[in-house]
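Have a look at the structure below, then the notes.
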Amino acid sequence: MQCDKCDAEAVMHAAYSGLHLCADHFTRSVEKRVRRRIREDGLVPDDATPADPVTWVIGLSGGKDSVVLTQILHDTFAKDPRIELVALSIHEGIEGYRDRSLEACEELTAELGVRHETVSYAEEFGVRMDEVAEEDPENMAPCAYCGVFRRDVLSRYAERFDADLMLTGHNLDDEAETALMNVLEGDVEQVAKHFDASLGPLEERTEQDHHVPRAKPLRDVPEKEVALYAQLEDLPAHITECPHAEEAFRGEIQRLMLDLEEDHPGTRHSIMAGYEELAALAADAYGDGRQEHGECERCGAPTGRDICRKCALVEALEESA
Ligand code: SF4
Ligand SMILES: [Zn+2]
Ligand SMILES: [Zn+2]
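What follows is the structure in structure tokens.
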């Protein structure tokens with residue numbers, strides 16, 4: 025099959041748009057979507073100057089999504105003195121898995137000349153995910169612990185680096201799954217939070233007191249296209265799955281979404297279009313009355329309770345050890 029834009033051989037067919045694209049036109053279309061998202065979300069502030077640059081921290085796991093994000097951000101902003109990029113990797117303590125994905129992170133950042141920092145759950149909380157999965161004092165999936173720890177590390181280090189923005193590699197499939205999960209769980213407040221945390225254009229979000237704002241510039245690009253981009257650009261991405269991955273509900277939603285997409289191409293895009301509108305309305309309706317104004321007695325993190333969720337989990341783990 026031939027590329028719809030030139031005479032070269034097509035490497036992909038996107039059922040949702042009907043387009044066949046060659047390697048060159050495909051990679052350019054991915055980059056274009058990422059840059060348009062950065063523009064539409066207003067991520068580069070008007071008042072950033074070379075003398076007063078902004079710092080963007082990229083959550084770099086070494087998987088294809090964050091590797092592609094880092095590469096494209098570097099290609100777009102390496103020569104822009106208003107933006108400073110820092111890649112942040114997390115070592116969860118997962119034997120044989122994270123070590124190799126961290127190698128991918130190091131290889132990529134060394135090649136691009138991007139500053140790279142690594143932090144570990146062991147140093148931060150005195151826990152390793154392999155042990156957490158084994159002890160499991162709260163009777164939860166490993167990812168439930170891991171997600172709480174990750175959010176804590178990312179937000180604290182984003183503050184430590186004086187970051188203006190925290191960017192992650194979530195793709196269209198990830199976001200559409202989260203959207204569908206929130207809707208199926210009937211959790212409208214979560215939808216509102218999603219808008220203020222990462223979905224809305226920066227200036228339309230309700231200020232998150234202690235939180236560095238998040239952004240997901242890959243969220244218009246389907247997962248398969250992110251993978252193809254990594255492959256065509258020969259990026260050092262690590263592909264094995266984490267041995268503890270078992271987010272049961274998300275797995276079901278994932279399969280449902282892939283089936284829907286196959287029968288009705290464009291489903292992910294339309295879910296997100298409608299959901300974004302809803303999320304904006306929900307965020308508006310909730311206003312800013314739902315911020316967490318208290319501080320954790322143990323670590324000082326913002327929380328509505330006496331101690332934050334992360335400290336509660338660390339305590340439970342300490343007790344069960
Ligand atoms: S799959 Fe779950 S346990 Fe593994 S790194 Fe991701 S969140 Fe953590
Ligand atoms: Zn072409
Ligand atoms: Zn705490």
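Residue numbers (the numbering used here): 25 to 345.
In this text, a Cβ means the ideal position worked out from N, Cα and C, and glycines have one as well.
Since we're looking at a predicted model, the values are computed, not measured.
Check                                                                                                                                                                          : Outcome
Nearest to R57 by CA position, among G311, R279, E249, is which residue?                                                                                                       : E249
Using only CA atoms, which one of M153, E183, R175, E162 lies nearest to E116?                                                                                                 : M153
Between A325 and ligand 3, is there a pair consisting of the residue's CB and a ligand heavy atom that are separated by less than 7 Å?                                         : yes
Could you name the residues whose beta carbon sits closer than 5 Å to any heavy atom belonging to ligand 2, keeping them in chain order?                                       : C27, K29, C30, A32, C46, H49
Is the number of C-beta pairs between the segment 91–110 and the segment 223–239 that are closer than 8 Å three or more?                                                       : no
I need the straight-line Cα distance from T192 to D65, nearest angstrom please.                                                                                                : 14 Å
Nearest to H98 by CA position, among A187, A345, E300, V81, is which residue?                                                                                                  : V81
Just how far apart, CA to CA, sit A297 and L196?                                                                                                                               : 11 Å
Please identify the residue among R184, S113, A251, A32 whose C-alpha is closest to the C-alpha of V236.                                                                       : R184
If contact is defined by three or more beta carbon pairs under 8 Å, each pair taking one atom from either stretch, is the segment 282–292 in contact with the segment 115–132? : no
Give the straight-line distance between the Cα atoms of P105 and T73, rounded to the nearest whole angstrom.                                                                   : 7 Å
Can you list, in chain order, the residues of its chain whose CB lies under 7 Å from that of C335, leaving out five sequence neighbours each side?                             : C320, R322, C323
Buried or exposed: where does H317 fall if 16 or more other Cβ atoms within 10 Å of its Cβ makes it buried?                                                                    : exposed
CB-CB under 6 Å to D188, same chain, minus the five flanking residues each way: which ones, in chain order?                                                                    : V78, T79
Quick check: what's the CA-CA separation for D48 versus A303?                                                                                                                  : 35 Å
What first and last residue would you give for the beta strand (DSSP E) that runs through T100?                                                                                : T100 -> not in any beta strand (DSSP E); alpha helix (DSSP H) instead, spanning 88–101.
Have a look at E155, A306, G120 and flag the residue whose alpha-carbon is nearest the alpha-carbon of D211.                                                                   : A306
CA-CA distance, R59 and E342?                                                                                                                                                  : 45 Å
From what residue to what residue does the beta strand (DSSP E) around I277 run?                                                                                               : Run containing I277: none in the beta strand (DSSP E); it sits in the alpha helix (DSSP H), 272–287.
What do you reckon, is the C-beta of C332 under 7 Å from a heavy atom of ligand 3?                                                                                             : yes
Looking only at its chain, what residues have a beta carbon closer than 7 Å to the beta carbon of C30, apart from the 5 residues adjacent to it on each side?                  : C46, H49
Do you know how far the Cα of S53 is from the Cα of V35?                                                                                                                       : 13 Å
State yes or no: is the C-beta of R175 nearer than 7 Å to some heavy atom of ligand 3?                                                                                         : no
How about the segment 155–175 and the segment 262–281: do they share at least three Cβ pairs that are nearer than 8 Å?                                                         : yes
Does DSSP classify I62 as helix, strand or coil?                                                                                                                               : helix
When the Cα atoms are used, what is the spatial distance from E162 to D330?                                                                                                    : 18 Å
In the DSSP assignment, what residue or residues form a beta bridge with D76?                                                                                                  : T73
Note down, in chain order, each residue of its chain lying with its Cβ closer than 7 Å to the Cβ of S179, except the 5 sequence neighbours on either side.                     : H235, V236
Looking at the C-beta of A187, does it have a partner C-beta in chain D at a distance below 8 Å?                                                                               : Any reference to chain D falls outside this structure, which holds one protein chain only.
At the level of alpha carbons, what is the spacing between Y40 and I295?                                                                                                       : 13 Å
Could you name the residues that DSSP lists as bridge partners for R139?                                                                                                       : V110
Using three-state DSSP, classify L242 as helix, strand or coil.                                                                                                                : coil
State the beta-bridge partners of S144 as determined by DSSP.                                                                                                                  : H115
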